[in-house]
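Before any comments, here is the structure.
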Amino acid sequence: MSDHKLIAVGGFQHETNTFAPHLAPFEAFERADSWPGLTSGEVLFDTMAGLNIPLSGFIDSARQAGHQLHPLCWCAAEPSSYVTRDAFERVADIICSGLRAGASVEAVYLDLHGAMVTEHYQDGEGELLRRVREIVGPAIPVVISLDLHANVTEGMVEHSDAMTIYRTYPHLDMAATGVRAFELLEFLIAGHKLHKVMRKIPFLFPLTSQCTDFEPCRSLY
Numbered sequence: 005m006s007d008h009k010l011i012a013v014g015g016f017q018h019e020t021n022t023f024a025p026h027l028a029p030f031e032a033f034e035r036a037d038s039w040p041g042l043t044s045g046e047v048l049f050d051t052m053a054g055l056n057i058p059l060s061g062f063i064d065s066a067r068q069a070g071h072q073l074h075p076l077c078w079c080a081a082e083p084s085s086y087v088t089r090d091a092f093e094r095v096a097d098i099i100c101s102g103l104r105a106g107a108s109v110e111a112v113y114l115d116l117h118g119a120m121v122t123e124h125y126q127d128g129e130g131e132l133l134r135r136v137r138e139i140v141g142p143a144i145p146v147v148i149s150l151d152l153h154a155n156v157t158e159g160m161v162e163h164s165d166a167m168t169i170y171r172t173y174p175h176l177d178m179a180a181t182g183v184r185a186f187e188l189l190e191f192l193i194a195g196h197k198l199h200k201v202m203r204k205i206p207f208l209f210p211l212t213s214q215c216t217d218f219e220p221c222r223s224l225y
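The following block contains the structure:
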């Protein structure tokens with residue numbers, strides 16, 4: 005059996021502030037900003053080339069290792085209030101339909117933020133991952149990457165096999181995080197096991213203390 009696998013890849017990013025006044029509709033994810041607009045299919049690979057985005061780093065590493073990639077979609081929107089029901093369902097459908105079309109997919113990587121709240125789900129990423137897991141089953145490894153400011157939930161942990169986050173703020177290592185995600189996925193593909201543990205610490209760092217160039221966050225990340 006070949007060590008080269010067919011890996012489904014995609015991403016869906018939104019940092020939700022539920023106190024913000026404006027929702028994130030589907031059009032916000034279609035619109036390009038300092039990142040590409042909604043992109044799906046084979047064009048995803050050319051669109052991601054050379055960008056400091058986790059999916060870009062993952063694609064480069066996976067191709068160098070000889071794996072085949074099955075493109076789903078990638079999109080992001082500016083931080084805002086809730087992602088609309090319509091936007092979430094439309095993007096989730098693109099991702100899930102793509103997974104169903106790739107019947108021989110042997111692994112999944114998703115580039116997520118980790119702080120998405122929708123009009124109908126408190127845990128947007130957890131719900132997306134639940135649907136992904138329902139499609140691929142328990143034996144297919146699912147690895148995700150998250151923003152350093154992710155709100156990690158039990159659902160995210162339950163429905164993924166491994167996760168990694170940005171280790172810099174300001175965020176400089178986004179593509180490098182995709183490389184780390186690939187290394188985790190390769191570890192799982194090789195038959196190794198990871199054990200998941202989640203523990204929430206009862207304190208928050210104020211934004212003014214989060215820069216990873218200085219303590220305390222320099223040592224933490």
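Numbering (this note's numbering), first residue to last: 5 to 225. For glycine and all other residues, C-beta sits at the position ideal for the given N, C-alpha and C. All figures in this text were calculated on a predicted structure; none of them were measured in a lab.
Can you tell which of the options has its C-alpha closest to the C-alpha of residue i?
{"i": "C79", "options": "Q68, S65, G106, S60", "result": "S60"}
{"i": "M52", "options": "F191, G15, S101, A81", "result": "G15"}
{"i": "A24", "options": "G182, N56, T122, C100", "result": "T122"}
{"i": "T216", "options": "H153, P75, R67, A69", "result": "H153"}
{"i": "G70", "options": "G195, V140, M178, K9", "result": "K9"}
{"i": "D165", "options": "L76, Q68, I193", "result": "I193"}
{"i": "S223", "options": "G195, L198, Y173", "result": "Y173"}
{"i": "T168", "options": "Y125, E131, E93, G118", "result": "G118"}
{"i": "G102", "options": "V156, G128, Y125, R135", "result": "R135"}
{"i": "G106", "options": "A12, E93, H199", "result": "A12"}
{"i": "T22", "options": "Y125, C77, R67", "result": "Y125"}
{"i": "H184", "options": "D50, I63, A32, F30", "result": "Looking at the sequence itself, residue 184 is Arg, so the reference to His does not match. Out of D50, I63, A32, F30, I63 has the C-alpha closest to the C-alpha of R184."}
{"i": "F30", "options": "K204, P210, A96, N155", "result": "A96"}
{"i": "P58", "options": "Q72, G182, F191", "result": "G182"}
{"i": "G45", "options": "L208, R67, Q68, I99", "result": "I99"}
{"i": "H163", "options": "I139, H175, F186", "result": "I139"}
{"i": "G159", "options": "E129, Q68, P142, R171", "result": "E129"}
{"i": "Q68", "options": "K204, L198, E190", "result": "E190"}
{"i": "R94", "options": "A32, D37, A180", "result": "A32"}
{"i": "S56", "options": "L116, L176, E219", "result": "Ser is not the amino acid found at residue 56; the sequence shown has Asn there. Of L116, L176, E219, the residue nearest in Cα terms is L176."}
{"i": "S108", "options": "E131, L132, R137, H74", "result": "H74"}
{"i": "G54", "options": "P142, A180, L76", "result": "A180"}
According to DSSP, is residue i part of a helix, a strand, or is it coil?
{"i": "F49", "result": "helix"}
{"i": "M5", "result": "Because M5 carries a pLDDT of 41, less than 50, the predicted location of this residue cannot be relied on, and the following value inherits that uncertainty. DSSP places M5 in coil when its eight states are reduced to three."}
{"i": "F33", "result": "helix"}
{"i": "T122", "result": "strand"}
{"i": "C215", "result": "coil"}
{"i": "E93", "result": "helix"}
{"i": "V13", "result": "strand"}
{"i": "S164", "result": "coil"}
{"i": "S223", "result": "helix"}
{"i": "I205", "result": "coil"}
{"i": "I57", "result": "coil"}
{"i": "T181", "result": "helix"}
{"i": "I144", "result": "coil"}
{"i": "L188", "result": "helix"}
Which same chain residues, not among the five before or five after residue i, have their C-beta less than 7 Å away from its C-beta?
{"i": "H26", "result": "S84, S85"}
{"i": "Q214", "result": "Y173, C221"}
{"i": "D37", "result": "E82"}
Here's a check: name, in chain order, each residue in its chain whose Cβ is nearer than 8 Å to the Cβ of residue i, leaving out the five neighbours to either side.
{"i": "A28", "result": "H18, T20, A81, E82, S84, S85, Y86, V87, T88, A91"}
{"i": "E34", "result": "G41, L42, C79"}
{"i": "M5", "result": "Bear in mind that the predicted position of M5 carries a pLDDT of just 41, short of 50, making it too unreliable to give a figure here."}
Using a Cβ-Cβ cutoff of less than 6 Å, which residues in the same chain neighbour residue i once the five nearest sequence positions on both sides are dropped?
{"i": "H196", "result": "none"}
{"i": "M202", "result": "V161"}
{"i": "W39", "result": "A80"}
{"i": "Q72", "result": "L10"}
{"i": "L132", "result": "A96"}
Can you find a C-beta in chain B that's less than 7 Å from the C-beta of residue i?
{"i": "G106", "result": "Absence of chain B from the displayed structure is noted, only one protein chain being present."}
*Looking at C-beta atoms only, is the number of pairs between the region 146 to 160 and the region 95 to 113 that lie closer than 8 Å three or more?*
yes
*beta strand (DSSP E) segments (min. 3 residues) lying fully within the region 62 to 111*: 72 to 80
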